[in-house]
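Engineer: Quick one: the structure is below, questions incoming.
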Amino acid sequence: MHPEHRRQGIGTSILELLEARGSSLAAQRHPGLPAVLRTSGGRDPEPDAGPGGADIRPVLERRGYRRVRSWLEMERELPGPALELPAPEGARILAPAPERSEAVRLAHVAAFADHWGSAPIDAETWQLWTTSHTSRPEHSTIALAPDGTVLAYAVTSEDRPGVLHVALVGTRPEARGRGLARAVLARTLASGAEAGFTAAVLEVDAESLTGATRLYEAVGFHRAHVYATYEKPVG
1 MHPEHRRQGI GTSILELLEA RGSSLAAQRH PGLPAVLRTS GGRDPEPDAG
51 PGGADIRPVL ERRGYRRVRS WLEMERELPG PALELPAPEG ARILAPAPER
101 SEAVRLAHVA AFADHWGSAP IDAETWQLWT TSHTSRPEHS TIALAPDGTV
151 LAYAVTSEDR PGVLHVALVG TRPEARGRGL ARAVLARTLA SGAEAGFTAA
201 VLEVDAESLT GATRLYEAVG FHRAHVYATY EKPVG
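Mind the numbering: the sequence shown is residues 1 to 235 in the UniProt record's numbering, read in order.
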């Protein structure tokens, strides 16, 4: 909300309309099943830095929303400390060619099937996102099995000039524990540094079941901000 128009009930009215639409869609698409409304609760306040975007939270809480998840925004300087570029056994580490886009999507669907709040992304949406003007496929990386299966991946974009956004990182469940995620990240960060990016940023579930936070810290990322997700049951 523009600062000049806050505290006039405009935001609450918009939220009410969105809730009504969300409830209607849930009833149409998943009749009889429980559903929740989910939204961002903004960034956690930081010392001497204002509310950080969390000024929406009182409104959400008055309407029955509760914090259900925290997300870490992590940053790393580039080039930063040099990383070893590992070569895991049974996989090639390389940038994904356009014809492997669908294989990367399928790897992502498999990798996030057991992650909180994740839903499969369809082929059309994936294609639109990975070919957008902010996409940087030359700095994305995959771990490719001999049979052509994508085992792990890092997908990148440039949402802020000079900052490489590692938008997605994942490993197929059956390929976890082989160092593949570290390998694709190392290649992606090296590629970004060589291209002149000054920093890399990513987001991770603070309660990641795969321990992703430890991996990112091991390759030089540190926590910059914390964001929250809020939910309330439909109805």
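Using N, Cα and C, we set each Cβ at its ideal position, and we do this for glycine too.
These figures come from a predicted structure and were not determined experimentally.
Is the CB of residue 222 under 7 angstroms away from at least one CB in chain D?
Structural biologist: Among the protein chains of the structure shown there is no chain D, as only one such chain exists.
Engineer: Any idea if residue 131 is buried or exposed, counting beta-carbon neighbours within 10 angstroms, 16 or more meaning buried?
Structural biologist: If you number the sequence shown from 1, residue 131 lands on position 131. Exposed: under 16 other Cβ atoms inside 10 Å.
Engineer: Over what stretch of residues does the beta strand (DSSP E) that includes residue 71 continue unbroken?
Structural biologist: Taking the first residue of the sequence shown as 1, we reach residue 71 at position 71. First-last of the beta strand (DSSP E) with residue 71: 66-77.
Engineer: Could you tell me if residue 96 is buried or exposed, where buried requires 16 or more neighbouring beta carbons within 10 angstroms of its beta carbon?
Structural biologist: Taking the first residue of the sequence shown as 1, we reach residue 96 at position 96. Its Cβ being crowded by 16 or more others within 10 Å, residue 96 is buried.
Engineer: Give the secondary structure of residue 223 by DSSP, where H, G and I count as helix, E and B as strand, and everything else as coil.
Structural biologist: Locating residue 223 in the sequence shown gives position 223, where the first residue counts as 1. Strand at residue 223.
Engineer: Give me the DSSP bridge partner(s) of residue 141.
Structural biologist: Translated into positions along the sequence shown, residue 141 becomes position 141. Answer by DSSP bridge pairing, in chain order: 154.
Engineer: Which ranges does the beta strand (DSSP E) cover as unbroken runs of at least 3 residues, wholly within the UniProt domain "N-acetyltransferase" (91-235), from first to last along the chain?
Structural biologist: List check, beta strand (DSSP E) in window: 92-94, 141-144, 150-160, 163-171, 199-205, 222-233.
Engineer: Going by beta-carbon coordinates alone, are residue 41 and residue 228 separated by less than 7 angstroms?
Structural biologist: Here residue 41 refers to the residue found at position 41 of the sequence shown. Here residue 228 refers to the residue found at position 228 of the sequence shown. Closer than 7 angstroms, so yes.
Engineer: Measure the alpha-carbon distance for residue 86 versus residue 174 and round it to whole angstroms.
Structural biologist: For this step, residue 86 is matched to residue 86 along the sequence shown. For this step, residue 174 is matched to residue 174 along the sequence shown. Each residue's alpha carbon lies about 19 angstroms from the other.
Engineer: Does the distance from the CB of residue 141 to the CB of residue 187 come in under 7 angstroms?
Structural biologist: Sequence index remark: in the sequence shown, residue 141 carries index 141 (1-based). Sequence index remark: in the sequence shown, residue 187 carries index 187 (1-based). Their beta carbons are under 7 angstroms apart, which means residue 141 touches residue 187 by this criterion.
Engineer: Under 6 angstroms Cβ to Cβ from residue 290, same chain only, skipping five residues before and after it: list those, please.
Structural biologist: With the chain covering 1 to 235 only, the question about residue 290 has no answer from this structure.
Engineer: Measuring straight from C-alpha to C-alpha, what distance separates residue 204 and residue 217?
Structural biologist: Taking the sequence shown and counting its residues from 1, one reaches residue 204 at position 204. Taking the sequence shown and counting its residues from 1, one reaches residue 217 at position 217. Those two C-alpha atoms are separated by around 11 angstroms.
Engineer: I believe residue 76 touches residue 199 by the beta-carbon criterion, under 8 angstroms. Please report the beta-carbon distance rounded to the nearest angstrom.
Structural biologist: If you number the sequence shown from 1, residue 76 lands on position 76. If you number the sequence shown from 1, residue 199 lands on position 199. About 7 angstroms; that satisfies the 8 angstroms criterion.
Engineer: Could you tell me if residue 116 is buried or exposed, where buried requires 16 or more neighbouring beta carbons within 10 angstroms of its beta carbon?
Structural biologist: In the sequence shown, the residue the question calls residue 116 occupies position 116. With fewer than 16 other Cβ atoms within 10 Å, it is exposed.
Engineer: From residue 5 to residue 145, what distance separates their C-alpha atoms?
Structural biologist: Along the sequence shown, read from residue 1 onward, the residue named residue 5 stands at position 5. Along the sequence shown, read from residue 1 onward, the residue named residue 145 stands at position 145. Using only the alpha carbons, I get a separation of about 55 angstroms.
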